[in-house]
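First to last, the sequence lines map onto chains Z and V. Position in the first sequence (from 1) plus 1 gives the number in our numbering. Position in the second sequence (from 1) plus 3 gives the number in our numbering.
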Amino acid sequence: MTDITAMHRALVDRVLEGDGLASRQMRRAAFDNAGLAEPMRTLIDKVAQHAYKVTDEDIAAVRAAGLSEDQIFEIVVCAAIGQSTHQYESGLAALDAASEGR
Amino acid sequence: MRLAILDRGDGLRTKAILALIRLFSRQPVVDAVKLALYRPDFYGGGAVTHEAMRGPSAWSVGDRELMAAFVSKVNACQFCIEAHSATSRIWYADDAKVAATLVELETAPIEEPLRATLRMLRKLTREHAVGADEMRAVLATGASRQQVQDALAVCLVFNTTDRLADTFAFAVPSPAAMEAAAKYLLKRGYR
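This is the structure:
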C-alpha cells in the first residue's frame, strides 16, 4: 500500500487548518472532543464515543445554538476524523512496540 | 439525512451530477455518494478510502471489505454493515462466510491471520486503543507487519465513515439498490 499515513495527515491538516465556516478553534476542539460548550459538547461526544446514539434533537440543539448546517458538517467531520485518528495512532504505536525486540 | 445541505449538494456541478445519477440509475442517490460529493475540498475522504480499500495489499479486496463490515458491526452502523457485507459477499462469492464472520468470529470459516486481525480491530474500535500484546497475537498467526498496517488503515477510514453515516443518518437503501451500489464499489472503487 502506498503511504496512507501521508494522505491521512494531509486530510487532517485540511479539515483542521483549511478554509472552513466553523472557527479553527472549534474544529480542533471537535477533533479532540475536548473544550466545547453545550450543546456542541453532547453532539460531538456522541460522534466520538457512539455515533449510532446521535438523535435529531442533538442536531436541532446545535442548530438552535446558532450553528449553520455547514458548520455542523465541519465539526462532525472533525470529530469523526479525530476519534478514528486517535485509534489509528494507538494501533501504529502498539505495532511498533510489538515489533521491537522481535 | 439530517443535514439538508448534503441532500441538495453544493454548487451547480454537484447538483448536476446528482441529477444525472438519478436519471441514469433510476434509483435515489445513495447517501454515501452525497457525502462524498459534498465540499470535497473540505472533507473529500474518497482518496484515502480508495487507497485503503483498493490500493496494493496482501489482503484481498474481499478481506478488506469484510474488515469494513466487521468494524461497522462493532460500531452498530447499519448502513455500512449492509453496504460492505454485500460488497464482501459478492467478491468472495460466499454469503455464508461473511454472515458467519459477522455473527461469530471465533468459529467463522476464515484464515487465522484474518481472524486475529479482526479480533484486534474489534478491540481497537470498541476501546479506542490497543496494546503491544494484541499486536503480538496478530503477528504470531503469520500476518505481516505491513498487513497489520493495511488493516489499521481500513479501520481508520471505517471508524470515520461509520461516525458520519450515523450522525448524518444515512438512509439504508433497498436490498436491490444496495446490491447495485456494492457492484459499483467493486468495479470503480471509492474515488
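Yeah, the Cβ is synthetic: ideal placement off N, Cα and C, and Gly gets one too.
- Inclusion of W94 of chain V and D153 of chain V in the CB contact set at 7 Å is not warranted, their separation being larger than that value.
- Under the Cβ criterion (8 Å, minimum of three pairs), the region 148-166 of chain V does not count as touching the region 17-29 of chain V.
- Judged by beta-carbon spacing, M8 of chain Z lies beyond the 7 Å limit of I76 of chain Z, meaning their Cβ atoms are not closer than that value.
- When secondary structure is reduced to three states using DSSP, V33 of chain V falls in the coil class, being assigned neither helix nor strand.
- Any Cβ of chain V closer than 7 Å to the Cβ of A81 of chain Z would place that residue at the interface, and such an atom is present.
- When rounded, the separation of the alpha-carbon atoms in N34 of chain Z and D98 of chain V is 39 Å.
- If you draw a straight line from the Cα of D14 of chain Z to the Cα of I82 of chain Z, it is about 11 Å long.
- For the region 5-64 of chain Z, not one full-length beta strand (DSSP E) segment reaches 3 residues or more.
- The residue from V:A183, V:K190 and V:A172 with its alpha-carbon nearest to that of D10 of chain V is V:A172.
- The contact set of M41 of chain Z on chain V, defined by CB atoms closer than 7 Å, is empty, because the minimum CB distance reaches about 13 Å.
- A check of alpha carbon separations from T163 of chain V across V:A22, V:N78, V:E114 and V:P59 identifies V:N78 as the nearest.
- From the beta-carbon of F74 of chain Z, the residues of chain V found nearer than 7 Å are L6 and I8.
- In the structure shown, P176 of chain V falls within a coil segment according to DSSP collapsed to helix, strand and coil.
- When C-alpha distances from D20 of chain Z are compared across V:R42, V:R5, V:K100 and V:I20, the shortest belongs to V:R42.
- In chain order, L96 and S100 make up the part of chain Z whose C-beta sits under 8 Å from the C-beta of R148 of chain V.
- G58 of chain V and S91 of chain V do not touch by the CB rule: their CB atoms are close to 17 Å apart, not below 8 Å.
- Contact annotation: in the region 148-175 of chain V, residues whose CB is within less than 9 Å of a CB in chain Z are R148, Q149, V151, Q152, D153, A154, L155, A156, C158, L159, V160, F161, N162, T163, T164, D165, R166, L167, A168, D169, T170, F171 and A172.
- For the region 18-30 of chain Z, the beta-carbon criterion of a distance under 7 Å to any beta-carbon of chain V is satisfied by G19 and G21.
- The beta carbon of A52 of chain Z falls within 7 Å of a beta carbon belonging to chain V, placing the residue at that interface.
- By the Cβ rule, the region 18-25 of chain V does not count as touching the region 183-192 of chain V, because fewer than three pairs are nearer than 8 Å.
- Two segments are said to touch when three or more pairs of C-beta atoms, one from each, lie closer than 8 Å; by this definition the region 127-141 of chain V touches the region 90-101 of chain Z.
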